[in-house]
Structures are given as structure tokens and as C-alpha cells.
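See structure below.
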Amino acid sequence: MEGGACGGTIVETEAYLQRGDASCHAARGMTLRNAPMFGPPGHAYVYFTYGNHFCLNVVCCEEGIAEAVLIRAIEPTHGVEAMRRRRGRDALRDLCSGPGKLCQALGLGREHNRLDLCGGSPLSLRAGDTAPRSRIVTTTRIGLRHAAELPLRFYLRGSEFISHK
DNA sequence: GCAAAGATCCAG
DNA sequence: TGGATCTTTGCT
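As C-alpha cells, then:
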């Protein structure tokens, strides 16, 4: 992020696997929508859902392997006022505590799909403090009809900024 | 061509 | 707890 940009610390994610995961968009092969998942790692996969919301994923595997991490919640640290404006909410907890919310707060949309998150883009991932393993909780994912039993949701224990307990 | 589901959010 | 809202996908 450059000066004046907004962002925060990732506190909740979910993984989507190419094999054995019926909820992964790529479970039945490549389509127009999920093509970015098959692309190079470190790039964004942003898609539109439920008629109102975008979701941000980070492509994780080498080209041809369609796996990604959904960013579900971040703890806002920069550009809080801009996020409040975009969200129309005041409470810090309500800005980025969900995949659709954080995209709205950050102003993410179709134009961010496929962007390289490793630098040189308006959107980027930065190395920060790594949470100790003891603070990472592993649970089942949220809002799924298929493969809901897989333990692929990860969040920071004790964080006020996650989407659910 | 059409119908149904969907990695959500918010109001009531 | 249910409705809004619309895109993508797969099939009648």
C-alpha cells in the first residue's frame, strides 16, 4: 500500500482446495470465472457473489493448481476514515469483519481481479508480524453447503475483528 | 434460453 | 430468520 492507502492485518482466512473440496470454485475444472485460480500464485482472485458482494482470494499454488486462500477479515490499521466512508459504518469492528465487508471497505472490485499482490499493484500483501501457532484457531468454514466439515478456516484467537467466533 | 445456487450482509 | 440482488453455471 502506498501513502494514503488503507489496509490492515489479516486475522481470518479460509482455504479452498482443488481436490476433495466440493466448495472450491475450481472443483469441477476451469471456468471463465475461476480462471485466475489456475494462474500464477501471489495473484488476486476477486469474484462477485450474492448480487452485492465481492470476495478477495490469494492464489497459492503454481500455475495449473487451483488453490486459494479467502481473506475473510482484517484488523483495520490504515485509512480507517476512508473505510468508514465506504462502509457507512462507524464501529471499527464492522469495517472488515467479513469477506464482503472488507472488499467494500478497501474499495475492491472486478478491476482488482488477477492483480499481482507481491508489489507494483494498487493492492498488495505485506509481510508483517507472524502470529504464534498457539494463537491460530482451526475450525470449519462458514456459509458452505458442500464440504462444510473440512477444517479449513483459520483465525487469530481473541481477535475482535473476525467475522464469527 | 432458463432456472437455480451462491465462499454475504443487513434489517426486522 | 429471511429477503435483497445479480452473476455464473449447468441443464431442460
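Using this note's numbering, read the first sequence as starting at 23 and increasing by one per residue. Built from N, CA and C at the ideal position, the CB exists for glycine as well.
**OP:** Give the single residue among Gly-29, Asn-56, Ile-96 and Thr-31 whose Cα lies nearest to the Cα of Gln-40.
**Re:** Asn-56
Subject >> Complete alpha helix (DSSP H) runs within the region 94 to 181 (minimum length 4 residues, chain order) >> reply: 102 to 109 and 121 to 128
**OP:** Measure the CB-CB distance between Leu-117 and Arg-109 and report whether it falls below 7 Å.
**Re:** yes
Original post:
Which class does Phe-70 belong to by DSSP, given the choice of helix, strand or coil?
Top reply: strand
Original post:
Out of curiosity, what's the CA-to-CA distance linking His-65 and His-134?
Top reply: 10 Å
Subject >> Presumed contact (8 Å Cβ cut-off) between Leu-130 and Val-68, rounded CB distance >> reply: 6 Å
Original post:
Which value, in whole angstroms, describes the spacing of the CA atoms of Arg-132 and Phe-70?
Top reply: 8 Å
**OP:** Can you give me the start and stop residues for the beta strand (DSSP E) that Ala-37 sits inside?
**Re:** 29 to 38
Subject >> CB contact flag (Ala-90, Asn-79, <7 Å) >> reply: yes
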